[in-house]
Structure formats: C-alpha cells, structure tokens
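Peer 1: Each residue of the sequence shown is one higher than the last, beginning at 1 in full-length UniProt numbering. Here you go, one structure.
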Amino acid sequence: MTKVTVALPPLDAGRSVIVEVAGQRVLICRTAGGLHAMDEQCPHQQLSMEGARVRHNSVMCPHHGARFSLEDGRSLSPLTAKGLKFFPCTEHGDHLGIEI
Ligand code: FES
C-alpha cells in the first residue's frame, strides 16, 4: 500500500464525495464519527457510487439501493454478498491521507 495525500473538499456529516487518488476514484463518506474511504464501484453491478447517501453508519448505492456498512464495508443488502473495499485514511485539516 502507498500513502497518498489529497485535497479534501468540504464535506458535511452524512454526505459523500468522489476524489481521485493516484489515478483511482475513491468514495469518501463523512459520519459523525469521522471519514471513511472506499472503492467507489458498487459490487452489485459495478456502477459508480457517486451521489451515495450516508445514513446511520452505512452508505447506500444510488442505483438500486444496496447498503454497505461504514464499519468494514460489508454488504447489508440482499442485492450482493460482496462488500466495498476500504482504504485506511487519516484527516489532516483540509487534506486526507489515504493508504491505497
Ligand atoms: S449498482 Fe449499486 S445497487 Fe446496483
């Protein structure tokens, strides 16, 4: 894994955003507990999670509604047994360190 630092766009709790990290699109979600970084491709039909909604420590794909835990990325939906790949991340003010 390589640690990469990227600029972090403003992101309120309960929101998500896509950032590009080392040529890879990464979904960033903010909860009251902090930030989570994960693969932005939904394992259901490999569509982008851009616009994903964050609710109660889970993130929901905007296409068919599959939900994934923000604790470890596991699927919480019958649509897919596969989870989202998580990347360790650390917030430093307006920047984010991601191990990818
Ligand atoms: S592509 Fe995400 S739920 Fe279907």
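For each residue, glycine too, the CB sits at the ideal point set by N, CA and C. In this text, all values refer to a predicted model and were calculated from it rather than measured experimentally.
(1) Quick check: the Cα distance between Asp-39 and Ala-52, rounded to an integer number of angstroms?
(2) With a 10 Å radius around its C-beta and 16 neighbouring C-beta atoms as the bar for buried, classify Met-1 as buried or exposed.
(3) Within 7 Å: the Cβ of Leu-84 and any heavy atom of the ligand FES?
(4) Does the beta-carbon of Ala-66, which I'm using as the reference point, lie nearer than 7 Å to any heavy atom of the ligand FES?
(5) With a threshold of 7 Å, establish whether the CB of Leu-70 neighbours any heavy atom of the ligand FES.
Peer 2: Reading from the atomic positions:
(1) Within the sequence shown, the letter at position 39 stands for residue 39. Within the sequence shown, the letter at position 52 stands for residue 52. Computed Cα separation, rounded: 12 Å.
(2) Numbered from its first residue, the sequence shown carries residue 1 at position 1. So Met-1 counts as exposed.
(3) Locating residue 84 in the sequence shown gives position 84, counting from the first residue. No - the ligand FES has no heavy atom lying nearer than 7 Å to the Cβ of Leu-84.
(4) Position 66 of the sequence shown, counted from the start, is the residue given in the question as residue 66. Yes, the ligand FES has a heavy atom inside 7 Å of this Cβ.
(5) One-based indexing of the sequence shown puts residue 70 at position 70. No, the Cβ of Leu-70 stays beyond 7 Å of every heavy atom of the ligand FES.
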